[in-house]
Amino acid sequence: MSKLPEDFYQKVYQLVKQIPTGKVTSYGAIAKALGSPQSARTVGYAMNASHKLNNVPAHRVVNRNGVLTGKHHFSGTHAMQQLLEAEGLVVIDDQIQDFDKHIWQPKNIDT
DNA sequence: ATAATGACTCCCC
DNA sequence: GGGGGAGCCATTA
């Protein structure tokens, strides 16, 4: 692990942990809040590492389209979908309904 | 140090 | 509206 990117991960975790129940956000939004809108891909990578943590609701993080692209990385096939539905969201075919209404805009922690 | 991979996003056809 | 290609960042081999 490099020295600088490590902070990036911490920011990602910190932000994801701040996502309120019943809300979701996108990798790009997180990356942007971190001051690196082009590091959306890296955010996903951080999520992968967040799997070893227990306080990082990665299931609330989806792509900008509101699609559960990373559901495949979860325990089961629909584990992510079930989690979101259990939080009051509506997920159909790995697609969050009214994603724009359930989206959660993170605050810039980079400032 | 170079090359390949990935839970993304944007641009073009 | 749907599909394909390129770009960016960080990690791993």
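So for the first sequence, this note's numbering puts the first residue at 6; every next one is plus one.
C-beta atoms are modelled at their ideal positions from N, C-alpha and C, and glycine is treated no differently.
As the structure is a computational prediction, the values presented were derived from the model and not from experiment.
Which same chain residues, not among the five before or five after residue 24, have their C-beta less than 7 Å away from its C-beta?
30, 62, 65, 109
Could you please give the first and the last residue of the uninterrupted alpha helix (DSSP H) stretch that includes residue 38?
32-38
Nearest-angstrom Cα distance between residue 115 and residue 39?
5 Å
For residue 27, collect the residues of the same chain with a Cβ closer than 8 Å to its Cβ; drop the 5 residues on either side in sequence, then sort them by chain order.
92, 93, 94, 107
So which of 113, 73, 36, 51 has the shortest CA-CA distance to residue 45?
36
Classification of residue 58 by the beta-carbon crowding that lies within 10 angstroms, buried from 16 upward:
exposed
Same chain only: Cβ atoms within 8 Å of residue 103, ignoring 5 sequence neighbours per side
95
Coil, strand or helix - residue 72 by DSSP
strand
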